[in-house]
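What follows is the structure, given as structure tokens:
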């Protein structure tokens, strides 16, 4: 028995003795208090001949809460278990944590397994994109089963590919555009667009006439993401008789992203006489998002403001164009306009008024941490320099700049947000913009034209293929729907996210729901199995003036008896200092030198109001959280000691099992 406990004892001491040992793997679980914990739980896996299959499955389920380093030896044992169900559960755990130590077993299970277990194996292999593993993904893209072909395409696009491998993957996707299965063609078309500008646009053009309208629509959307000037004639032909409204909207959006004066003229013609299945507001929206509008286009919009039928659409397009339309509008005013048109133009110009250059203090208030000192050294663009802000926030890691933009709240923020979010492929791509939306002082995106944008944010929050960090920022941005015409639908979406598999998503849903005031789900989230969710919910309750009696009782119980000390401190702070006027701010931790923490969920200790508390953070290296703790400052703690588990995060393929 002493010999059997020695490996577990050594593993349990790894975080303190050798933090670098977790390099390349997520430390997404807790470490045992006693070495015998792992021995007791894993006993059925270590001797499968004397225990039932159900006991071994239960053992694997219980091991989920422990750190990967601790359970890896028993996971490898389970991957060779006689039971297919045990092997599947173990492989699923390896894939969800991206444990590349399981790759050899995954290769064998891909060759010998069947059904769902092969897809899980392929998921893990795609996370280690060696030439040999990519060949297996390419082979799967030619599998007789169209479901496997489709999932292989999705895994290929999500794989961490080098530039050389990405070009090779692009060629493979182009080949899949001719698949006999409509679902495979549709997925290949959308995936090609997700790769961004490059080859493949002309191949997508052939799908504009596909017999399946969903395939044609997917090809149209991807053409907009590729923005290849050579596709202009094909898009204009497709707009003559679009098969459905969704395809028509995607086609005019794709056309508006192409350069050239002839495109300007074509867009004005479409605004004058939209074809079947295309609405005039869709054309106006596409024009408003045009990256480089010509003078003729803007002049044409001003001229069309005289037509009562076109005035509203033209005005909306000019408002979306923002600063790019100011010169033409000013010139038109100087030349003289009819009184009603002059009033409309003056309103548009008023919306573009220049605002003063931000002071560094704005960054300090937005960041809410000692990081403000560092951020203040970075020269931010003038508030009227939209192009510079777009470039700055083009970096997915520029969350602090997004917080600063929200604090400054320029008049053009709403239009810029809608433009960016409508064109993004996922939340990770526009994280700074989602941060700005989550922290905006006033409700934004509050009209019918923004219905699709809110729908996209909700889909990103529910996307189980995305990282928990991306899902959380989308969830927090979704919570900013309070006060808008979308508030009730947003609340329904947040209720669904509060039941997500991943604990970080549930915690972010609690923070977002707090903006709505008292909600029955907050009591449930205070009793969540994850201490991260309980802590986030307790912090969220700071902004509620008078929580329900049951919620206050549970909060008191949490502050006194919660099994996790870090959840107790959050509850105690809320009991002592509720502040209904508290602002949500972005707080950042100190840089961490712990290898392997870059993708881990962890805690960070902050000083706030004279007390210290631990806050569940997202991301690694320098984590972040959006919480009602304005002015919180990180303290020095042993980061290696605060890595904790996330709830089991099941992969995107469990519906095959």
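Numbering (mature numbering (1 follows the signal peptide of the UniProt record, and there is no 0)), first residue to last: -18 to -1, 1 to 639.
Idealized CB from N, CA, C, for every residue including glycine.
Contact check for residue 375 against residue 415 passes: the beta carbons are separated by less than 7 Å.
Taking a C-beta distance under 7 Å as the contact criterion, residue 557 and residue 541 qualify as a contact pair. Cα atoms of residue 366 and residue 310: separation of roughly 17 Å, rounded to the nearest angstrom. Secondary structure of residue 566 (DSSP, three-state): coil. Proximity of the region 176 to 192 to the region 205 to 217 meets the contact definition, three or more beta-carbon pairs being nearer than 8 Å.
Distance from the CA of residue 218 to the CA of residue 237, rounded to the nearest whole angstrom, comes to 7 Å. Where residue 609 is concerned, the enclosing beta strand (DSSP E) starts and stops at 606 to 609. Per DSSP, residue 596 is not a residue of any alpha helix (DSSP H); the beta strand (DSSP E) it occupies stretches across 593 to 599.
Here residue 267 is buried. Its C-beta has 16 or more other C-beta atoms within 10 Å.
For residue 444, the closest alpha carbon among the candidates 381, 497, 488 is that of 488. Its chain contains 521 as the residues whose beta carbon lies nearer than 6 Å to that of residue 609, once the 5 sequence neighbours on both sides are disregarded; these appear in chain order. If you compare the alpha carbons of 390, 498, 456, 500 with that of residue 479, the shortest gap goes to 456. The alpha carbon of residue 589 has as its nearest neighbour, out of 568, 598, 613, 601, the alpha carbon of 613.
According to DSSP, residue pairing for residue 48 in a beta bridge involves 12. CA-CA distance, residue 79 to residue 50, rounds to 8 Å. Across the structure, residue 499 and residue 517 are spaced so that their CA atoms are roughly 18 Å apart. Uninterrupted beta strand (DSSP E) stretches at least 3 residues long and entirely within the region 411 to 437 do not occur. The DSSP-derived three-state label of residue 38 is helix. Judged by their CB atoms, residue 452 and residue 409 are nearer to each other than the 7 Å cut-off. Note on the region 450 to 525: whole alpha helix (DSSP H) runs with a minimum of 4 residues are 450 to 460, 469 to 479, 485 to 495, 502 to 508, 513 to 522, in chain order. Here residue 587 is bridged, per DSSP, to 596.
By the CB criterion at 7 Å, residue 571 and residue 601 fall outside the cutoff. Cβ atoms of residue 502 and residue 548 stay farther apart than 8 Å, at about 25 Å.
For residue 150, the uninterrupted alpha helix (DSSP H) segment begins and ends at 145 to 158.
Rounded to the nearest angstrom, the gap between the Cα atoms of residue 525 and residue 46 is 34 Å. Taking a C-beta distance under 7 Å as the contact criterion, residue 299 and residue 276 do not qualify as a contact pair.
By the beta-carbon neighbour count (other beta carbons within 10 angstroms, threshold 16), residue 389 is buried. Residues 555 of the same chain have their beta carbon placed closer than 7 Å to that of residue 593, with the five preceding and five following residues left out of the count. Across the set 136, 150, 104, 55, the C-alpha of 136 shows the shortest separation from the C-alpha of residue 172.
DSSP, reduced to helix, strand and coil, places residue 142 outside both helices and strands of the structure shown, so it counts as coil. Secondary structure at residue 616: strand, using DSSP grouped into helix, strand and coil.
Nearest to residue 306 by C-alpha distance, out of 425, 397, 537, is 397.
In the structure shown, residue 221 falls within a coil segment according to DSSP collapsed to helix, strand and coil. Residues 505 of the same chain have their beta carbon placed closer than 6 Å to that of residue 532, with the five preceding and five following residues left out of the count.
Take residue 559, set aside five residues on each side of it, and the residues of its chain with a beta-carbon closer than 8 Å to its own are 524, 591, in chain order.
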